[in-house]
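Trainee: The structure follows.
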Amino acid sequence: MFSKDKAVNALTSVGALRFRISHSSLMHISLLLIILVIAATVRLLPLRWGFQLSEFDPHMHYRLTKHMVENGFFAWSSWTDSMSWYPYGLTVSKALYPGLAATAAFLYQIANALNLAPAPILSSDLYHPLTADPVFNFCIIFPVIMATLTVLVIYFVGRDIGGKEVGLFSAFFLALSSSYISRTSLGFFDDETVGIFGILLFIFFFLRSIDSERPLRNSVAYAVAGGLSLGYLFASWGAARYPLGITLIFVLVLILLRRYSSRLFLSYGTTFGVALLIAANVPKLGVTFLKEPTVLAVAGIFLLLGIIEVSRRIKTTRSKMLFVVGFLALIVVVFFALASLGLVGELGEKFISVIFPSERLGEGVTQQLVQSVQEHRPATWGSFYFDVGIGILFVPVGLYFAVQNPTNRNLFLVIFGLTAIYFAGSMVRLTLLLAPAFSILWALALVQLIKPFVTILRESPRIPRRKTRFRSRVGKEFSAAFIILMFLLLTVTFVLPSAGSTFPRVIDRAYSPTTIAAASLPLKPTEPVRDWLDALNWMRVNLEQSDVVCSWWDYGYWITAIANKTTLADNGTGNSTQISLIGKMYMSNETEAIKFLKEYDVKYVVIYQSFREDGSDAVYGDEGKWRWMARIPGMDDTKFGNYTLGMDWIDTNEDGQVGTDEVVMNEMGNSTVLYKLMHYARDMALQGYSEIQLEHFEEAYFSQVAWYRDSQGAFAPMVCVYEVIYD
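Residue numbering for the sequence shown follows our numbering, starting at 13 and increasing by one per position.
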């Protein structure tokens, strides 16, 4: 049974099972694996400042994920979060998309079953109370996992468009895309994490489904997969309307170019049928989503495809003309009838403001809220270059090569690229959409540019004497020099350090602390800034569970998730009326403010400020947001100070320069709650006493003063918690 011959035969049979793979395929697989490792490694760089979630929204997504893990995947549909938007609470199913949390909860359950889930972190130099929760720790690394998977998906999309080389370069460029890294680095547990993944997965499946060279059975399978991908996107990200819109434009272009086929009709109907069925069952969208103009446009294009399909089967020209004209007239009549009956819905103001940026300039509460967020402002060409680098020179070349060879995939890529440029220019946050489009266009341009020169380098040096006169003028030396030049250009973005840094632009973007580790300051400190984490830990330990905390909406998610306390508003901005009331409270005097605080049972008020050594504002905290606190409730911010809060500048010298003798006190600004709370804490920190008399507020906790430096000198951030004193 254990003889030598049997053992040798067994080993021989195992050896016969080895996979046979070409050298070229092995190289491609190895390069792809290296790119995936680079993508994951770069996004782990924020570990230097601690293991924690970044920004604000990820903390609410973590709470939803934990709720799913503990109560089941569908328990969220009936969850009313009483700790948010007190006293009304938050109906979570109507406020959040479940896709991100459901994906994280599902993968966590698998990792936990395999004993691969991150272990609790019970001690750390920068103590974070939530790192004791394995779900929290998994949410921190989840963006890195999804970014790596997205890089893999774009490889397959690029390979379908231009071959393996385009796929590899697309994956490489997306792995090191600054705008994409900023939204998928360690701790950025937000909708965009799965959003770009869903968009690329949908594009991959849909374009394969309309490929006429594939068997019909495969096309149907790809169409269903595309519908599931788009449906997953609808359940995960509000920007799912973007791939829907560019697909409608793409199908319309195919019709105008007379590229209609029955395969297109079948794939289109299957894909959008599955996707809209899923979307209608997402509580935040609901059946009313089907009345939106974008969805009605989907139905309109489907009917148009149906008209073309039927007309192809009508033999006589006259009958065909009558059918087409009659059906189109019927579609127009039905649309206007639905509109007159009020059955045609409207796009949300946020989406309209992206399409028409001028809509964000209104004076309404919603418009003021949108304007108050930095990432909602229009992008500049400088920001494009900062995100894309030298690739901005290759993108027009990629568009040229795509238009020159107008296959279905290239047409879709052109539409994808041009629309992404428009929307990214409309809103800085949407430069994220540029990342996959630019990565593929950049890869296509680079491959097409160097391909002829690579061909020359591979040519045999033997040339018959009689054909010497026909030899190409481009020699191998020039070809090699051109290829080297192309790769040297890449070093401008990926190797050479950016201005004011010792790292390349890509690494500089990735090697940044999470928002809470930098205390929401635009700095890259050598050590974590402890102010916010210390304040949140203090609130978690020292305040009662039932205590209501009032702060500006920026900090609501942190207070609810980390401090475990009830808040009046958060980053969801779901109740603009309540946000305007909070802003009005901060900009009122104590007598008026206490009425609002009492009505909402507020026990503590939180402010965040930063100041310089001379006591002046550093504008990194609420002293940089007070104008929006006034504008959102419709107040004239200049009445509180045309220079800073509580200070007016009168240019008596008429020289345009701010002189110390030209800045005078503004009595209305000095009497606001925000001014008094900021300057009271500032005085106590700088001189140990304050002449400001607080009638209804008392110090509960002030973070320790630590000094940092920016281009204007030293400054100190401070989180202040005040207890409200009622009569």
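Positions of the beta carbon are idealized from the N, C-alpha and C atoms, including for glycine.
If you draw a straight line from the C-alpha of T143 to the C-alpha of P155, how long is it?
Mentor: Along the sequence shown, one-based indexing puts residue 143 at 131. Along the sequence shown, one-based indexing puts residue 155 at 143. Roughly 17 angstroms separates the two Cα atoms.
Trainee: Go ahead and label I33 buried or exposed: buried means 16 or more other beta carbons lie within 10 angstroms of its beta carbon, across all protein chains shown.
Mentor: Position 21 of the sequence shown, counted from the start, is the residue given in the question as residue 33. Answer is exposed; the Cβ neighbour count stays below 16.
Trainee: Closest by CA to T503, which one among S513, V518, E489?
Mentor: As a working note, residue 503 is residue 491 in the sequence shown. When each option's Cα is compared against that of T503, the closest is V518.
Trainee: Between R55 and L198, is the Cβ-Cβ spacing less than 8 angstroms?
Mentor: Taking the first residue of the sequence shown as 1, we reach residue 55 at position 43. Taking the first residue of the sequence shown as 1, we reach residue 198 at position 186. Their beta carbons are under 8 angstroms apart, which means R55 touches L198 by this criterion.
Trainee: Less than 8 angstroms between the beta carbons of L458 and F406, yes or no?
Mentor: As a position in the sequence shown, residue 458 is number 446, starting the count at 1. As a position in the sequence shown, residue 406 is number 394, starting the count at 1. Cβ atoms of L458 and F406: closer than 8 angstroms.
Trainee: If we count the other Cβ atoms within 10 Å of its Cβ and call it buried at 16 or more, is Y567 buried or exposed?
Mentor: Counting from one through the sequence shown, the residue named residue 567 turns up at place 555. Label assigned to Y567: buried.
Trainee: In the DSSP assignment, what are the bridge partners of W661?
Mentor: One-based indexing of the sequence shown puts residue 661 at position 649. BP columns for W661 point to V675.
Trainee: Give the DSSP-derived three-state secondary structure of S563 in the structure shown.
Mentor: Counting from one through the sequence shown, the residue named residue 563 turns up at place 551. Coil at S563, not helix or strand.
Trainee: Among the candidates P729, W719, S42, R421, whose CA atom is the shortest distance from the CA of G636?
Mentor: Start at 1 with the first residue of the sequence shown, and residue 636 comes out as number 624. For G636, the nearest C-alpha among the options comes from P729.
Trainee: Would F209 pass as a contact of M158 if the rule is Cβ separation under 8 angstroms?
Mentor: Here residue 209 corresponds to residue number 197 of the sequence shown, with the count starting at 1. Here residue 158 corresponds to residue number 146 of the sequence shown, with the count starting at 1. Their beta carbons are under 8 angstroms apart, which means F209 touches M158 by this criterion.
Trainee: Taking the straight line between their C-alpha atoms, what separation do you get for P305 and E358?
Mentor: Here residue 305 is taken as the residue at index 293 of the sequence shown, counted from 1. Here residue 358 is taken as the residue at index 346 of the sequence shown, counted from 1. Distance between the alpha carbons of P305 and E358: 7 angstroms.
Trainee: Please classify G179 as buried or exposed, where buried requires at least 16 neighbouring CB atoms within 10 angstroms.
Mentor: The residue given as residue 179 occupies position 167 in the sequence shown. Classification of G179: buried, given that the 10 Å Cβ count is 16 or more.
Trainee: Given this structure, state the Cα-to-Cα distance separating I319 from M333, to the nearest angstrom.
Mentor: Counting from 1 along the sequence shown, the entry for residue 319 is found at position 307. Counting from 1 along the sequence shown, the entry for residue 333 is found at position 321. Approximately 11 angstroms between the Cα atoms of the pair.
Trainee: Identify the residues that DSSP records as bridge partners of D93: which are they?
Mentor: Position 81 of the sequence shown, counted from the start, is the residue given in the question as residue 93. Note: D93 sits in a beta bridge opposite L102.
Trainee: I need the DSSP call for P408, collapsed to helix, strand or coil.
Mentor: Counted from its first residue, the sequence shown places residue 408 at position 396. Reduced to three states, the DSSP call for P408 is helix.
Trainee: With distances taken Cα to Cα, identify the nearest neighbour of W97 among D695, E625, D660, T585.
Mentor: On the sequence shown, residue 97 is found 85 positions in, with the first residue counted as 1. For W97, the nearest C-alpha among the options comes from T585.
Trainee: Just curious, the beta strand (DSSP E) that V322 is in, first and last residue?
Mentor: Counting from one through the sequence shown, the residue named residue 322 turns up at place 310. It is not in any beta strand (DSSP E) - V322 instead sits in the alpha helix (DSSP H) that spans 305-323.
Trainee: Output needed for A575: all residues of its chain with C-beta closer than 7 angstroms, excluding positions within five of it in sequence on either side, in chain order.
Mentor: Residue 575 sits at position 563 when you count from the first residue of the sequence shown. These residues qualify, in order along the chain: L548, M551, R552.
Trainee: Could you name the residues that DSSP lists as bridge partners for E707?
Mentor: Along the sequence shown, read from residue 1 onward, the residue named residue 707 stands at position 695. Note: E707 sits in no beta bridge, so no partner.
Trainee: Do you know whose CA, among G725, N293, M39, L278, lies nearest I313's CA?
Mentor: On the sequence shown, residue 313 is found 301 positions in, with the first residue counted as 1. Here the closest residue by C-alpha is L278.
Trainee: Spatial neighbours of S248 within its chain, please: C-beta separation below 7 angstroms, excluding the five flanking residues on both sides.
Mentor: Looking up residue 248 in the sequence shown gives position 236. Once the five neighbours on either side are set aside, the close Cβ partners of S248 are Y109, G111, L112, D203, V206, G207, G210.
Trainee: Round the Cβ separation of A492 and L469 to the nearest angstrom and send it over; I've been treating them as touching at under 8 angstroms.
Mentor: By 1-based counting over the sequence shown, the position of residue 492 is 480. By 1-based counting over the sequence shown, the position of residue 469 is 457. At roughly 6 angstroms, the Cβ-Cβ gap stays under 8 angstroms, so A492 and L469 are in contact.
Trainee: Helix, strand or coil: which one does DSSP assign to L687?
Mentor: Counted from its first residue, the sequence shown places residue 687 at position 675. A small fix is needed here, since residue 687 is Tyr in this sequence, not Leu. Helix at Y687.
Trainee: Just mark F499 as buried or exposed, buried being the case when its beta carbon has 16 or more other beta carbons within 10 Å.
Mentor: In the sequence shown, residue 499 corresponds to position 487, counting from 1. Flag for F499 reads exposed.
Trainee: Can you give me the start and stop residues for the alpha helix (DSSP H) that D739 sits inside?
Mentor: Taking the sequence shown and counting its residues from 1, one reaches residue 739 at position 727. No alpha helix (DSSP H) holds D739; DSSP gives it neither H nor E.
Trainee: With a CB to CB cut of under 7 angstroms and the five nearest residues on each side skipped, what residues in its chain are close to K488?
Mentor: Here residue 488 corresponds to residue number 476 of the sequence shown, with the count starting at 1. I468, L469, listed in sequence order.
Trainee: M730 by DSSP, collapsed to three states: which one?
Mentor: As a first step, residue 730 must be located in the sequence shown, where it is residue number 718. Strand.
Trainee: Does the pairing of the region 619-628 with the region 715-728 give three or more beta-carbon distances under 8 angstroms?
Mentor: At 8 angstroms Cβ cutoff, the stretches touch.
Trainee: Can you give me the start and stop residues for the alpha helix (DSSP H) that S190 sits inside?
Mentor: Taking the first residue of the sequence shown as 1, we reach residue 190 at position 178. Counting along the chain, the alpha helix (DSSP H) containing S190 begins and ends at 190-196.
Trainee: Would DSSP call D202 helix, strand or coil?
Mentor: Numbered from 1 along the sequence shown, position 190 holds the residue referred to as residue 202. Coil, per DSSP.
Trainee: Would A605 pass as a contact of V685 if the rule is Cβ separation under 8 angstroms?
Mentor: By 1-based counting over the sequence shown, the position of residue 605 is 593. By 1-based counting over the sequence shown, the position of residue 685 is 673. Cβ distance < 8 angstroms, so A605 and V685 count as in contact.
Trainee: Is V617 helix, strand or coil by DSSP?
Mentor: One-based indexing of the sequence shown puts residue 617 at position 605. In the structure shown, V617 sits in a strand (DSSP, three-state: E or B).
Trainee: I'd like to know whether the C-beta atoms of E707 and K615 end up nearer to each other than 8 angstroms.
Mentor: Position 695 of the sequence shown holds residue 707. Position 603 of the sequence shown holds residue 615. It is not a contact, given that the beta carbons lie outside the stated cut-off.
Trainee: What are the partner residues of G725, as DSSP defines its beta bridges?
Mentor: Against the sequence shown, residue 725 aligns to sequence position 713. G725 pairs with D722.
Trainee: Pull up the distance between the alpha-carbon of I495 and that of V466, whole angstroms please.
Mentor: Looking up residue 495 in the sequence shown gives position 483. Looking up residue 466 in the sequence shown gives position 454. Each residue's Cα considered, the two are about 8 angstroms apart.
Trainee: How close, in whole Å, do the beta carbons of Y687 and G658 come, if the pair is a contact with beta carbons under 8 angstroms?
Mentor: Start at 1 with the first residue of the sequence shown, and residue 687 comes out as number 675. Start at 1 with the first residue of the sequence shown, and residue 658 comes out as number 646. At roughly 5 angstroms, the Cβ-Cβ gap stays under 8 angstroms, so Y687 and G658 are in contact.
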